[in-house]
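Colleague: The numbering used here puts the sequence shown at residues 1 to 85. Don't be surprised by glycine CBs; every beta carbon is placed ideally from N, CA and C. Values in this document were obtained by computation on a predicted structure and should not be read as measured data.
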Amino acid sequence: MKLPALLAIRAIVATHAQYPARLLAAIDEDIERERACQPGTTPMQFEEEESMMGAQIKTTPEAALVTPILPEGLAINELDRSSDD
Numbered sequence: 001m002k003l004p005a006l007l008a009i010r011a012i013v014a015t016h017a018q019y020p021a022r023l024l025a026a027i028d029e030d031i032e033r034e035r036a037c038q039p040g041t042t043p044m045q046f047e048e049e050e051s052m053m054g055a056q057i058k059t060t061p062e063a064a065l066v067t068p069i070l071p072e073g074l075a076i077n078e079l080d081r082s083s084d085d
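#1: Note down the Cα distance separating Tyr19 from Leu7, rounded to an integer number of angstroms.
#2: Please report how far the alpha carbon of Ile9 lies from the alpha carbon of Ala17, in whole angstroms.
#3: Within its chain, find whatever has a CB closer than 8 angstroms to the CB of Glu34; leave out the 5 residues flanking it on each side and keep chain order.
#4: So for Ala17, helix, strand or coil by DSSP?
#5: From Leu87 to Ala14, what distance separates their C-alpha atoms?
#6: Around the C-beta of Ala36, are 16 or more other C-beta atoms found within 10 angstroms, so that it is buried, or is it exposed?
Below, the structure written as structure tokens:
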């Protein structure tokens, strides 16, 4: 999965409290893995891109209509059963 898509998914999931912290952690792991595959890019570039993507998601009215894509193998019913509270 491409980094911009992962950043968009993370921004959406982070703004919706019903998703458990473990989902956000899994997305963060995927982002770090994707970053490691892109040599020659500085951490500052990633922070800027992540910040811009988060701002775009939060300010877009359509953002409320978007359903985040879950990591492969993770189903909605699994999220409901496992509480991170």
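Modeller: Judging by the given coordinates:
#1: In this structure, the straight-line span from the alpha carbon of Tyr19 to that of Leu7 is close to 16 angstroms.
#2: 14 angstroms
#3: Met1, Lys2, Leu3 and Leu6
#4: Assignment of Ala17 by DSSP, reduced to helix, strand and coil, places it in the coil class.
#5: The chain is shown only over 1 to 85; residue 87 falls outside these bounds and no answer can be derived.
#6: exposed
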